[in-house]
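Before any comments, here is the structure.
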């Protein structure tokens with residue numbers, strides 16, 4: 005589908021991101037100016053991990069993997085097994101081109117986590133989007149920004165953690181933003197009436213500079229509408245009498261002229277063929293009067309010929325449509341005929357009052373009242389009705405294909421229905437329809453639905469149905485061909501099945517929720533959203549008091565420009581501090597420009613930390629501001645940083661050899677005389693202790709030595725985690741008399757701030773040891789991976 009991209013400008017401070025539909029909101033909103041009413045328009049952000057189609061797979065601890073996407077940080081997937089299996093992969097359910105942010109939250113407030121975040125389109129080729137494998141600061145997690153089109157999988161590999169940390173993930177969130185290629189427009193078919201009636205539309209009719217207007221399409225174009233659909237009645241007639249209208253609004257002739265208005269404004273054009281002389285919707289689908297008495301084969305031919313001729317006319321006058329809907333809201337079929345007696349259909353009035361004309365021959369009505377029937381005759385009638393309906397539909401589809409090919413044009417075909425509230429009916433429609441028209445040599449491109457909450461259910465219900473259809477039929481694009489929401493009425497109370505009040509703000513939020521639903525369909529298969537008759541039905545405009553026949557937009561109309569994020573901000577910073585410590589927050593955060601995918605720093609001005617903010621353990625939040633929106637620092641204040649839990653504690657004097665064979669043995673303010681040996685899988689924590697003898701650990705779990713004196717030598721080989729001093733986490737300097745050798749460590753590896761009276765040697769460690777800015781005083785040579793410590 006061809007389309008243009010209007011300049012999406014942000015007034016004043018650039019808008020940052022908001023989470024809609026129950027998620028947190030932050031950053032300044034785009035406040036519509038010089039429009040009727042008041043609305044804050046914030047760019048759409050969706051957490052795909054919260055969607056029903058997202059899933060997770062863990063390298064270990066699979067039974068708890070779902071806890072990482074349950075939207076509850078208090079629960080967590082806990083990793084088990086070897087370090088190589090400590091990964092969690094989030095499957096978004098399909099590719100997304102505009103996911104831009106990932107948030108990872110870990111279980112322990114006072115721990116350091118080292119990890120790598122990767123993205124993949126297929127689950128095999130991985131690309132690093134954030135590398136925190138060298139992290140040595142305690143925090144619960146991070147927010148990272150990235151640009152990677154066609155992302156389906158996001159994986160977090162935990163490469164290390166401070167000793168005693170719970171290795172796992174509390175929450176993994178991936179956020180999607182409104183795609184630039186999502187078509188946002190309207191069905192503005194009444195525009196020919198507007199012009200004929202002398203209606204004037206202005207962006208700012210009460211100001212000296214009235215802005216775009218007076219044509220409705222000029223205002224829509226100015227406010228970000230990219231596409232206009234036009235409904236076509238065959239021969240416009242009164243719904244009551246069936247008599248031709250004096251002015252054939254929305255008939256073929258007038259609509260061909262309106263098509264010129266649309267394309268002259270460089271807007272996309274859609275055509276909605278009703279195949280009726282008046283309104284067609286699920287409750288009424290009358291045949292055109294000229295076709296009403298045709299035998300079925302002739303009716304099929306008429307559908308083909310009419311469709312071909314009209315689309316050819318549009319092509320030849322230079323207004324080739326991007327898309328043609330073969331029928332309007334045809335969930336119950338279309339061009340009803342004699343079968344309507346079995347279905348009980350009587351609308352519109354002329355269809356009921358003139359049965360000798362309109363019900364004289366079979367048509368394309370469906371007999372849903374026989375669905376699931378076990379009666380053989382009813383099953384036969386059900387199938388025969390489906391066959392007639394899809395025969396007529398296939399004729400229209402083939403006509404669009406043939407005329408497109410004859411003129412070398414690319415015109416999409418759309419099939420447009422409603423989402424039924426009857427369990428399973430929507431899926432049954434698409435299963436039957438797509439199977440049958442393909443068997444007849446035809447197929448559609450776009451699956452389209454109307455959505456009005458008062459008739460089609462809550463946004464959550466609608467989203468579930470649309471995504472069930474998308475999953476069942478992955479070859480098709482998905483569109484909301486009609487939607488709207490009122491800005492007034494009912495004292496402002498929401499419509500049935502809607503959470504949004506009938507206000508200008510509620511109108512904006514309701515429309516934006518539909519944009520979000522379509523944008524979040526996996527595989528980037530959401531094609532677009534069209535507001536139905538934005539100047540007439542549940543209007544986005546109001547009549548200007550004191551100005552005859554003059555209309556101005558509600559502030560809600562800016563959802564069509566304000567729903568796109570120009571920037572994505574690292575909106576949350578995680579940190580930890582011990583009780584009584586000062587809090588150190590970064591001077592800047594990252595900001596990503598969506599237009600080109602570039603990222604850079606944005607200075608932050610933080611609010612003052614409250615007096616006594618770190619006086620007690622708990623969680624502290626500090627607000628900050630940037631040129632791109634607000635930021636929140638989440639600071640966990642802890643009594644102590646994460647440490648190994650002791651299974652056995654030794655204090656005081658201990659003479660003789662100590663062999664640690666399992667669990668965690670802690671030496672706390674002890675005086676040891678003799679050798680200390682740590683066996684495979686066992687762990688040792690030493691604090692404020694004197695060891696008069698060598699220390700040897702081979703294949704150990706964790707070895708942590710803080711604030712102690714060791715008369716060595718000390719040798720650690722093949723441990724999972726090593727800490728010799730780490731003042732950053734409160735593990736004070738050690739004095740080691742003799743050689744210190746660390747080899748083959750599989751994960752966390754810190755040697756910091758020690759006094760070593762002898763050589764320091766490190767080799768073959770999976771992660772080279774670091775000193776976290778606290779240099780070791782070494783009297784002997786430093787070699788291997790410890791050469792710079």
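Numbering (the working numbering), first residue to last: 5 to 793. Glycine included, every Cβ here is placed at the ideal spot set by N, Cα and C. These figures come from a predicted structure and were not determined experimentally.
Asked: Could you give the distance in angstroms between the alpha-carbon of residue 133 and the alpha-carbon of residue 292?; Found: 58 Å
Asked: Should residue 207 go down as buried or exposed, given a rule of 16 or more other Cβ atoms within 10 Å for buried?; Found: buried
Asked: Around the C-beta of residue 652, are 16 or more other C-beta atoms found within 10 angstroms, so that it is buried, or is it exposed?; Found: exposed
Asked: Spatial neighbours of residue 69 within its chain, please: C-beta separation below 6 Å, excluding the five flanking residues on both sides.; Found: 60, 62, 81
Asked: Any contact between the segment 530-547 and the segment 482-497? By contact I mean 3 or more CB pairs, one from each, below 8 Å.; Found: yes
Asked: Tell me the DSSP bridge mates of residue 172?; Found: 82
Asked: Quick one: what's got a C-beta closer than 8 Å to residue 6's C-beta in the same chain, skipping five residues either side?; Found: For residue 6, the predicted structure reports a pLDDT of 37, less than 50, and the residue's modelled location is therefore unreliable. A value from the coordinates is still provided. If we look at residue 6 and ignore the five residues flanking it on each side, its Cβ neighbours are 272, 326.
Asked: Tell me whether the segment 302-315 and the segment 399-418 touch, counting them as touching only if at least three CB pairs, one residue from each stretch, are closer than 8 Å.; Found: yes
Asked: Could you give the DSSP three-state label for residue 252: helix, strand or coil?; Found: coil
Asked: Across which residues does DSSP place residue 534 in a beta bridge pair?; Found: 189
Asked: Using a Cβ-Cβ cutoff of less than 7 Å, which residues in the same chain neighbour residue 655 once the five nearest sequence positions on both sides are dropped?; Found: 672, 673, 674
Asked: When you compare each of 745, 217, 679, 221 to residue 699 by their alpha carbons, which one comes out closest?; Found: 679
Asked: Quick one: grab the DSSP three-state call for residue 35.; Found: Reliability of the predicted coordinates at residue 35 is poor, the pLDDT of 49 falling under 50, and no value is obtained from them.
Asked: Secondary structure at residue 564, three-state DSSP: helix, strand or coil?; Found: helix
Asked: Applying the 10 Å Cβ sphere with the 16-neighbour rule, what's the burial state of residue 605?; Found: exposed
Asked: What span of residues does the alpha helix (DSSP H) with residue 384 cover, start to end?; Found: 380-410
Asked: Compare the C-alpha of residue 737 against each of 754, 390, 504 and name the closest.; Found: 754
Asked: Suppose the cutoff is 6 Å on Cβ atoms and the five residues either side in sequence are ignored; what does the same chain contact list for residue 569 look like?; Found: 21, 47, 181, 598
Asked: On the CB-based measure, 16 or more other CB atoms within 10 Å of its CB, does residue 87 come out buried or exposed?; Found: buried
Asked: Here's the rule I'm using: 16 or more other beta-carbon atoms within 10 Å means buried, otherwise exposed. How should residue 261 be labelled?; Found: exposed
Asked: Per the DSSP calculation, residue 144 is bridged to which residue(s)?; Found: Answer by DSSP bridge pairing: none, since residue 144 is not bridged.
Asked: Which stretch, first to last residue, makes up the beta strand (DSSP E) that contains residue 466?; Found: Unbroken run through residue 466 is the alpha helix (DSSP H), 463-476; no beta strand (DSSP E).
Asked: According to DSSP, simplified to helix, strand and coil, what is residue 26?; Found: Low confidence applies here, because residue 26 scores a pLDDT of 33, under 50, leaving its location unreliable; read the following figure in that light. Three-state DSSP puts residue 26 in coil, outside helix and strand.
Asked: Just how far apart, CA to CA, sit residue 620 and residue 582?; Found: 9 Å
Asked: Check residue 620 in the structure and name its three-state DSSP category.; Found: coil
Asked: Considering only residues of the same chain and omitting the five flanking positions on each side of residue 670, which have a CB-CB separation below 6 Å?; Found: 650, 653, 689
Asked: Kindly provide the ranges of any beta strand (DSSP E) runs that are 3 or more residues long and lie completely inside the segment 603-686, ordered along the chain.; Found: 603-607, 622-630, 633-642, 652-659, 662-664, 668-677, 680-682
Asked: Between 757, 734, 731, which has its C-alpha nearest residue 740's C-alpha?; Found: 757
Asked: On a Cα-Cα basis, can you pick out the residue from 584, 635, 613, 600 that is closest to residue 607?; Found: 635
Asked: Would you check if the distance between the CB atom of residue 187 and the CB atom of residue 230 is smaller than 7 Å?; Found: yes
Asked: Give the list of continuous alpha helix (DSSP H) stretches no shorter than 4 residues that lie fully inside the segment 489-529.; Found: 508-523
Asked: Please classify residue 409 as buried or exposed, where buried requires at least 16 neighbouring CB atoms within 10 angstroms.; Found: exposed
Asked: Rounded C-beta distance between residue 793 and residue 773? I'm assuming under 8 Å.; Found: 6 Å
Asked: According to DSSP, is residue 690 helix, strand or coil?; Found: strand
Asked: The alpha helix (DSSP H) with residue 306 in it runs from where to where?; Found: 300-320
Asked: Thinking just about the alpha-carbon of each residue, which of 641, 647, 687, 645 is nearest to the one in residue 662?; Found: 687
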